[in-house]
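Encoded as structure tokens, the structure appears first; notes follow it.
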Amino acid sequence: MTVASTGKTFETAEDIEGHGAPIDVEAISSQTNTVLGLRMDTTTRAAMDQQVPAIAGHLNRLLHEDLGADDDSEVHKLLREGTKLVDLTSRPTSETPTFGTYLYLRNLALLTRRLLWIYSQRNGLDAP
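Note that my numbering has the sequence shown beginning at 1, numbered continuously upward.
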């Protein structure tokens, strides 16, 4: 996919992988539960770093779904927040303190859960 140059692209690797495949509510729910169950005092930085791409990918997929943002300002706000979170320049780097990575990962998982719930409601699916 080519994006008109604005000096910055928001497309990520997750944009390309699996785009167009159905949203797996159970898998996303399970993975966000796992992430939200991580504890700062017992989770390694490597374990956190390993979770970031998958959760960011789930969030990114949900951002491409019709979640009713045109009719709901709260959903629109959530989509803007999600777009900022999945932007590669917002992701933790090796210089990011572990606590910063932990907070980022939790924010990803929490927003993914919120959008997954909206997706489920809009599509008549069981809520995660």
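In this text, a Cβ means the ideal position worked out from N, Cα and C, and glycines have one as well.
Would a C-beta distance cut-off of 7 Å place residue 110 and residue 56 closer than the cut-off? Walking along the sequence shown from the start, residue 110 turns up at place 110. Walking along the sequence shown from the start, residue 56 turns up at place 56. The answer is no: Cβ separation not under 7 Å.
Alpha-carbon to alpha-carbon, residue 40 and residue 114: Sequence index remark: in the sequence shown, residue 114 carries index 114 (1-based). Sequence index remark: in the sequence shown, residue 40 carries index 40 (1-based). Distance between the alpha carbons of residue 114 and residue 40 is about 22 Å.
Using only the alpha-carbon positions, how far apart do residue 123 and residue 47 sit? Start at 1 with the first residue of the sequence shown, and residue 123 comes out as number 123. Start at 1 with the first residue of the sequence shown, and residue 47 comes out as number 47. About 33 Å.
Rounded straight-line distance, which links the Cα of residue 62 to that of residue 119: Stepping through the sequence shown from its first residue, residue 119 is reached at position 119. Stepping through the sequence shown from its first residue, residue 62 is reached at position 62. Rounded to whole angstroms, residue 119 to residue 62 spans 8 Å at the Cα level.
Is the region 92-108 in contact with the region 21-31, if contact means three or more CB pairs nearer than 8 Å? no
With distances taken Cα to Cα, identify the nearest neighbour of residue 45 among 68, 80, 25, 97. Within the sequence shown, numbered from 1, the residue matching residue 45 stands at position 45. The option with the nearest alpha carbon to residue 45 is 97.
Under a three-way DSSP split, which group does residue 69 fall into? As a first step, residue 69 must be located in the sequence shown, where it is residue number 69. Reduced to three states, the DSSP call for residue 69 is coil.
Host alpha helix (DSSP H) of residue 115 (start-end): Locating residue 115 in the sequence shown gives position 115, counting from the first residue. Residue 115 -> alpha helix (DSSP H) spans 98-122.
Would you give the residue range spanned by the alpha helix (DSSP H) that residue 49 belongs to? Here the question's residue 49 lines up with position 49 in the sequence shown. Start and end: 45-63.
Assign residue 82 to one of two classes, buried (16 or more other C-beta atoms within 10 Å of its C-beta) or exposed (fewer than that). In the sequence shown, residue 82 corresponds to position 82, counting from 1. When all chains shown are included, residue 82 counts as buried.
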